[in-house]
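A.B. asks: Right, I'll just put the structure down here and ask away after.
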Amino acid sequence: MARIRGAKEHAARLRRLTSPEAQRQIGAALFAAGSQIETDAAISITTGAVSGKNHVPSAPGEPPNADTHVLDRSIETNMVAPLHAQVSANAPYAVELEFGTSKMAERPYMRPATAKNRKAVTQMIRDAVARIVRVR
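Residues in the sequence shown are numbered from 3 upward in steps of one, following my numbering.
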């Protein structure tokens, strides 16, 4: 009969990966990643923005320029499940600016922030999983 080497260690790694502590650590990494995207989206809106009578609207295809700061202050990161972070902008006009309308070109701010952080976010999650499955 064949012997399997490392079966106990592998079973221990699998138990660690499905443990409540693993959910907590991966959830924390997901929240940190979402916060990073949230920050970059808000920065893209506020960079170079001037409020009041000197406000200049953004060009189509560029992130919107803040005037009232409702949009950039409405961006938030929430944990909607133990392993599900959600970054959202809750201003009434957030979707119209991100995707545009039939009369207004899009002014994306969330998609570029997500694309900019994709590699860093992936690495944050990989690092969290590696810390969990590492043999102690």
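Just so you know, even glycine gets a beta-carbon here, dropped at the ideal spot from N, CA and C. Only a predicted model underlies this, so the values are computations on that prediction, with no experimental measurement involved.
Out of Arg15, Tyr111, Glu23, state which residue places its alpha-carbon closest to the alpha-carbon of leucine 85.
C.D. replies: Glu23
A.B. asks: Check each candidate in Ser76, Leu99, Ala93 and name the one with the smallest Cα separation from serine 60.
C.D. replies: Leu99
A.B. asks: Identify, in the order they occur along the chain, each residue of the same chain with its Cβ nearer than 8 Å to the Cβ of glycine 50, setting aside the five sequence neighbours on each side.
C.D. replies: Asn67
A.B. asks: CA-CA distance, serine 45 and glutamate 64?
C.D. replies: In the sequence on display, residue 45 carries isoleucine and not serine. Cα-Cα distance, rounded: 13 Å.
A.B. asks: Given 7 Å as the limit, tell me if isoleucine 39 has its C-beta closer than that to any heavy atom belonging to the ligand MN.
C.D. replies: Judged by which ligands are present, the structure shown has none, so any question about the ligand MN falls away.
A.B. asks: Straight-line CA distance for isoleucine 152 to alanine 31?
C.D. replies: The requested residue 152 does not occur in the structure, where the chain is confined to residues 3 to 138.
A.B. asks: Can you tell me the Cβ-Cβ gap for serine 90 and aspartate 69, rounded? I've got them flagged as a contact below 8 Å.
C.D. replies: Going by Cβ atoms, the distance from serine 90 to aspartate 69 rounds to 21 Å, so no, they are not a contact pair.
A.B. asks: Hey, quick one: how far does the beta strand (DSSP E) through alanine 61 stretch, first residue to last?
C.D. replies: First-last for alanine 61: undefined, no H or E at that position.
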